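Following the working numbering, the numbering of the sequence shown begins with 1 at its first residue and continues without gaps.
All residues carry an ideal CB built from backbone N, CA and C; glycine is no exception.
Treat the numbers as computed from the prediction; the structure is a model and nothing was measured.
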Amino acid sequence: MLGYCGSLSSSLLSSQALVPLEAHSDEGTSRHYDSKKSGIYNPSSELTDKLVSFLVRQGLPFSHGAIVSTDAPYRETSSWLKRRQQKGIIAVDMEMSAILAFSTFYGLKAAGLFLVSDELFSDQWPEVSQSQDLKTATLNYFLPLIEDEEY
């Protein structure tokens, strides 16, 4: 999966890349595919390793860590943010946990690469989703993966 995310950590800034190592569910789809009701899902280690190797070969820097998926955009309150930060979650998106829950249920492999399009970790919420840096990062990270015949 290629997508955009919001950063919950000052260590992950606009236009930087994130490879999620786990996804926490704060959305409504995952529970339909999770018999254990754990709410935490892991990407395929094989695909994640392959993605990381690709990024290293391309000389593209990235971070890795936990992401939380929510289906309530722009509802990240300060208390919500603090609870997620206390769990070590560094980013938010809208679908990674659902994709991983679905993939696990059906025995499929999935992994993700995200670019930070919003910074939610401070009292201000700078608008960066239309920045030239993010457009350049999109071309540098996503386009080589899309064009690579191996993927």
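Note that the segment 40-51 does not touch the segment 71-83; fewer than 3 beta-carbon pairs, one per stretch, sit closer than 8 Å. Rounded to whole angstroms, residue 67 and residue 94 show a C-alpha spacing of 10 Å.
Apart from sequence neighbours up to five positions away, the residues of its chain that approach residue 99 with a beta-carbon distance below 7 Å are 1 and 110, ordered along the chain. Residue 146 is classed as exposed because its beta carbon has fewer than 16 other beta carbons within 10 Å across all chains shown. Judged by their CB atoms, residue 14 and residue 150 are not nearer to each other than the 8 Å cut-off. Nearest in C-alpha terms to residue 48, of all of 37, 36 and 63, is 63.
Beta-bridge annotation (DSSP): residue 68 is paired with 24 and 92.
Just measuring C-alpha positions, the residue of 138, 112 and 136 sitting nearest residue 65 is 112.
Separation of residue 108 and residue 46 (C-alpha to C-alpha, rounded to the nearest whole angstrom) is 12 Å. Annotation: the continuous beta strand (DSSP E) that includes residue 115 extends over 113-119. Of all alpha-carbon atoms in 102, 58 and 88, the one lying nearest the alpha-carbon of residue 11 is that of 88.
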